[in-house]
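**Q** Dropping a structure here in structure tokens format, bear with me for questions.
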Amino acid sequence: MYKWFLVGRYLRTKLVAFFAICAVMLCVAMMLVVLSVMGGFLDMVKERSRGLLSDLVVDNGSLQGFPFYEEFTAHLKEKHADLVAAATPVIYNYGVLRSPRNYYTKPVRVVGVRLDEYRTVNDFGASLYYERYYPGTTHLGPQQQPLAGVGEDNKLRLPDELEAANRAWRDRETDRSDVATYLARPFSVIGGDERVFATAADTEDFQDLQAEPDLRPRWHGDPRHGVIIGTDVINDRTVSGGTRRFFKKGEAMVLTVIPMTASGVTSAEGMPALPVRYADDSRTGVYEIDSLCVYVDFNYIQEQLAMNAQTLDDGTVQPARTSQILISLKPGVDYRAARETIEETWISFRDSLSLAFDAPEQELLSFVKVQTWEQMQAGFIAAVEKEKNLVTVLFGVVMLVAVVLIGLVFWMIVEKKTKDIGVLKSMGASSPGIAGVFVAYAVAIGIVGAVLGSIGGSVFVHYINEVQDLLASINPSFRVWSPDVYSFDRIPNVVKTHDIIWISIAAVAASILGALIPAIHASAVWPVRALRYE
Numbered sequence: 002m003y004k005w006f007l008v009g010r011y012l013r014t015k016l017v018a019f020f021a022i023c024a025v026m027l028c029v030a031m032m033l034v035v036l037s038v039m040g041g042f043l044d045m046v047k048e049r050s051r052g053l054l055s056d057l058v059v060d061n062g063s064l065q066g067f068p069f070y071e072e073f074t075a076h077l078k079e080k081h082a083d084l085v086a087a088a089t090p091v092i093y094n095y096g097v098l099r100s101p102r103n104y105y106t107k108p109v110r111v112v113g114v115r116l117d118e119y120r121t122v123n124d125f126g127a128s129l130y131y132e133r134y135y136p137g138t139t140h141l142g143p144q145q146q147p148l149a150g151v152g153e154d155n156k157l158r159l160p161d162e163l164e165a166a167n168r169a170w171r172d173r174e175t176d177r178s179d180v181a182t183y184l185a186r187p188f189s190v191i192g193g194d195e196r197v198f199a200t201a202a203d204t205e206d207f208q209d210l211q212a213e214p215d216l217r218p219r220w221h222g223d224p225r226h227g228v229i230i231g232t233d234v235i236n237d238r239t240v241s242g243g244t245r246r247f248f249k250k251g252e253a254m255v256l257t258v259i260p261m262t263a264s265g266v267t268s269a270e271g272m273p274a275l276p277v278r279y280a281d282d283s284r285t286g287v288y289e290i291d292s293l294c295v296y297v298d299f300n301y302i303q304e305q306l307a308m309n310a311q312t313l314d315d316g317t318v319q320p321a322r323t324s325q326i327l328i329s330l331k332p333g334v335d336y337r338a339a340r341e342t343i344e345e346t347w348i349s350f351r352d353s354l355s356l357a358f359d360a361p362e363q364e365l366l367s368f369v370k371v372q373t374w375e376q377m378q379a380g381f382i383a384a385v386e387k388e389k390n391l392v393t394v395l396f397g398v399v400m401l402v403a404v405v406l407i408g409l410v411f412w413m414i415v416e417k418k419t420k421d422i423g424v425l426k427s428m429g430a431s432s433p434g435i436a437g438v439f440v441a442y443a444v445a446i447g448i449v450g451a452v453l454g455s456i457g458g459s460v461f462v463h464y465i466n467e468v469q470d471l472l473a474s475i476n477p478s479f480r481v482w483s484p485d486v487y488s489f490d491r492i493p494n495v496v497k498t499h500d501i502i503w504i505s506i507a508a509v510a511a512s513i514l515g516a517l518i519p520a521i522h523a524s525a526v527w528p529v530r531a532l533r534y535e
């Protein structure tokens, strides 16, 4: 009983104990912040890799792509209906995006997708900006520019299709604060200060006094294929983390691409300049994607890149090509085991084509691999895991400071409490009992420090992005998390319960370790010798 009485008394009355508690608290908070950020970064890499690719990827790693993708997809769905939920082809190319209005030019990576299918095999649909507030209106087919105008109620309105889609969103949106924010500034959309829709007045020539201006909401301009643009390609990030927009929805642009033959030679017809319209923008949260990629209709870009089926001069038909096939598996299917099965299916399918040895298609097909999303990102994921482990070890070494500090604090307490130790021993306290007092004291310090450190570290991690934004608003050079370096535009801020538990256990163990030598020293004190000098 006397052990816990003394422990409580020392905690309340000994100021030096608070230095030990602070050491444990700071070490716990530091470890929790580091593990939460690095572990969150690793989790985000895995989550986004899966969300932006699919379970499995069939790819040959070249810009020419590979043929017979439609036949293989149909064969795959028929043979493995119990495994495959959906599959869609994707084309990759490079090009230049240009705005004729302000001569804005940017190199881009062109991604050809069948949008409806693409959204079923990954999480791309959740990244679309306008699609959230006007569901069902974003597409990559021919379209005109929507103009806001004066409706029958003399209020600024959008064309009927957009108004109906927005009403549907407002009716089903559960976060009413989002709806209220939208209604306060309906034509800037949430999160932006600029007017994101052109108005009918923007297209009228008010110098012509004979013509009555048409200010009704309507669609304007020649129909052009839509393009979804990575948000960092055409927008700027503000210091506060918002987005500054420079282009109106539906604005006319030009996309120049690089056609390539099956043999890897640039097409002799030159680089076509494709008239497109800004249909939406995508914010996946991965900087390399959001600052580089634009998405166009698969069939449209396939034709422009001469990757569709071609009849050659000798009358033979060169089959259509794609760059990738993304495969989504049914729930509960082990994607690693499914990869082996589908790879075997691919090999048997390829061999069944019986192509000539020197045929260009045979060469393209020979490089095709079936990979999981983990294998596609294996190098990057492994590097991040090594960084996390290295940082954990380094900060674990730093945690030894707490062990040393606790040892010094306890040694000082033992030296100052020699009389108390002598009195306790003279009253019958055993040497293990005396040692137990200081070990229990160390446990109490470890628990208090771990609790305070866990609370402080968790709060800091939760608000870490706000802290960075505050520092950046004072001085932009204080921004330590740059999206172009760390891939993601936000610092991971999720604290895992198991991290708190094992760090707290390690903190208590470190406290006990630091107190062992002083505790043994205290237990060896002889009562007569201790009281002789008091």
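Under the working numbering, think of the first position of the sequence shown as 2, with each following residue one higher.
All C-beta atoms, glycine included, are put in the ideal place defined by N, C-alpha and C.
Given the structure is predicted, the values throughout are model-derived calculations rather than measurements.
Could you tell me whether the Cβ atoms of Ile326 and Thr138 are closer together than 8 Å?
**A** No. Outside cutoff.
**Q** Return the Cβ separation of Lys331 and Leu84 in integer angstroms, given the expectation that the two are a contact with Cβ distance under 8 Å.
**A** Confirmed, Cβ separation roughly 6 Å.
**Q** Which of the three DSSP states is assigned to Leu64 in this structure?
**A** Looking at Leu64 - three-state DSSP - the assignment turns out to be coil, as it is neither helix nor strand.
**Q** Report the rounded CA-to-CA distance for Ala520 versus Trp503, giving the unit in angstroms.
**A** Cα-Cα distance, rounded: 25 Å.
**Q** If distances are taken between C-alpha atoms only, which option among Lys156, Pro433, Ala87 and Pro187 comes closest to Arg171?
**A** Ranking the options by Cα distance to Arg171, first place goes to Pro187.
**Q** CA-CA distance, Val297 and Gly450?
**A** Taking the straight line joining both Cα atoms gives about 55 Å.
**Q** What would DSSP say about Ser283, mapped onto helix, strand or coil?
**A** Of the three classes helix, strand and coil, the one that applies to Ser283 here is strand, per DSSP.
**Q** Check Asp209 in the structure and name its three-state DSSP category.
**A** Residue placement at Asp209 is flagged as unreliable, the pLDDT there being 47, under the threshold of 50; the coordinate-derived value follows with that caveat. Correct three-state label for Asp209: coil.
**Q** Alpha carbon to alpha carbon, what distance is there between Pro68 and Asp179?
**A** The straight-line gap from Cα to Cα measures roughly 46 Å.
**Q** Is it buried or exposed, His463, if we count other Cβ atoms within 10 angstroms and call 16 or more buried?
**A** Exposed, by the Cβ-count rule.
**Q** Quick one: grab the DSSP three-state call for Leu159.
**A** Note: Leu159 maps to coil in three-state DSSP.
**Q** Is the beta carbon of Leu116 less than 8 Å from the beta carbon of Leu141?
**A** The answer is yes: Cβ separation under 8 Å.
**Q** If you drop the 5 nearest sequence neighbours on each side, which residues of the same chain put their C-beta closer than 6 Å to that of Arg351?
**A** So the qualifying residues of the chain are Leu366.
**Q** With distance defined between alpha-carbon atoms, name the residue in Met261, Tyr279 and Ile407 nearest to Gly271.
**A** When only C-alpha atoms are compared, the closest one is Met261.
**Q** Please confirm whether Ile1 and Gly231 have their CB atoms less than 8 Å apart.
**A** For the chain, the structure presents residues 2 to 535; residue 1 sits outside this window and is missing.
**Q** Taking the beta strand (DSSP E) that His226 belongs to, which residues open and close that run?
**A** First-last of the beta strand (DSSP E) with His226: Arg219 to Gly231.
**Q** Would you list, in sequence order, the uninterrupted alpha helix (DSSP H) runs of no fewer than 4 residues that lie entirely inside the stretch 72-127?
**A** As far as the stretch 72-127 is concerned, its whole alpha helix (DSSP H) runs of at least 4 residues are 116-122.
**Q** Between Val399 and Asp335, what straight-line distance do the alpha-carbon atoms span, to the nearest angstrom?
**A** The straight-line gap from Cα to Cα measures roughly 41 Å.
**Q** Quick check on Val394: buried or exposed, where buried means 16 or more other Cβ atoms within 10 Å of its Cβ?
**A** With fewer than 16 Cβ atoms within 10 Å of its Cβ, Val394 is classed as exposed.
**Q** Look at the alpha carbon of Phe198 and the alpha carbon of Asp237, and state the distance between them as a whole number of angstroms.
**A** So the alpha carbons of these two residues sit roughly 18 Å apart.
**Q** To the nearest angstrom, how far is the alpha carbon of Gly96 from that of Ala403?
**A** Roughly 56 Å between the two C-alpha positions.
**Q** What is the rounded straight-line gap between the Cα of Ser264 and the Cα of Ala82?
**A** Ser264 and Ala82: Cα-Cα distance of roughly 34 Å.
**Q** Going by alpha carbons, who is nearest to Ile414 out of Gln363, Gly454 and His522?
**A** Checking every option, the nearest Cα to that of Ile414 belongs to His522.
**Q** Across which residues does DSSP place Leu43 in a beta bridge pair?
**A** For Leu43, which the question treats as bridged, DSSP gives no partner whatsoever.
**Q** Answer yes or no: do Ala253 and Gln144 have a C-beta to C-beta separation smaller than 8 Å?
**A** Contact flag unset, no.
**Q** Which residue from Gly286, Ile435, Glu341 and Leu293 puts its Cα closest to that of Tyr130?
**A** Measuring from the Cα of Tyr130, the nearest candidate turns out to be Gly286.
**Q** Could you give the DSSP three-state label for Tyr296: helix, strand or coil?
**A** The answer is strand: DSSP assigns Tyr296 an E or B state.
**Q** Let me know if Lys249 comes out buried or exposed under the rule of 16 or more other beta-carbons within 10 Å of its beta-carbon.
**A** Result: buried.
**Q** Using beta-carbon positions only, say whether Ser329 and Ala87 come within less than 8 Å of one another.
**A** Yes. Within cutoff.
**Q** Closer than 7 Å by C-beta to Arg284: which residues in its own chain qualify, once you throw out the five before and the five after it? Chain order, please.
**A** Same-chain partners within the cutoff: Ser128, Tyr130, Thr232 and Asp291.
**Q** Anyone know if the C-beta pair for Ile407 and Ala24 falls short of 8 Å?
**A** Their beta carbons are under 8 Å apart, which means Ile407 touches Ala24 by this criterion.
**Q** Alpha carbon to alpha carbon, what distance is there between Arg246 and Glu174?
**A** Approximately 24 Å, taken between the alpha carbons.
**Q** From the DSSP output, in three-state form, read off Val59 for me.
**A** DSSP places Val59 in strand when its eight states are reduced to three.
**Q** Between Val495, Arg480, Gly437 and Phe411, which lies nearest to Ile22 when the distance is taken from Cα to Cα?
**A** Taking only the C-alpha atoms, the option nearest Ile22 is Phe411.
**Q** Given this structure, state the Cα-to-Cα distance separating Ile465 from Leu471, to the nearest angstrom.
**A** Cα to Cα, Ile465 sits roughly 10 Å from Leu471.
**Q** Evaluate Phe207 with the Cβ neighbour count: other Cβ atoms within 10 Å of its Cβ, from every protein chain shown; 16 or more gives buried, anything less gives exposed.
**A** Low confidence applies to Phe207: its pLDDT is 43, below 50, so where it sits in the model is not reliable, and the reading given next is rough at best. Exposed, because fewer than 16 other Cβ atoms sit within 10 Å of the Cβ of Phe207.
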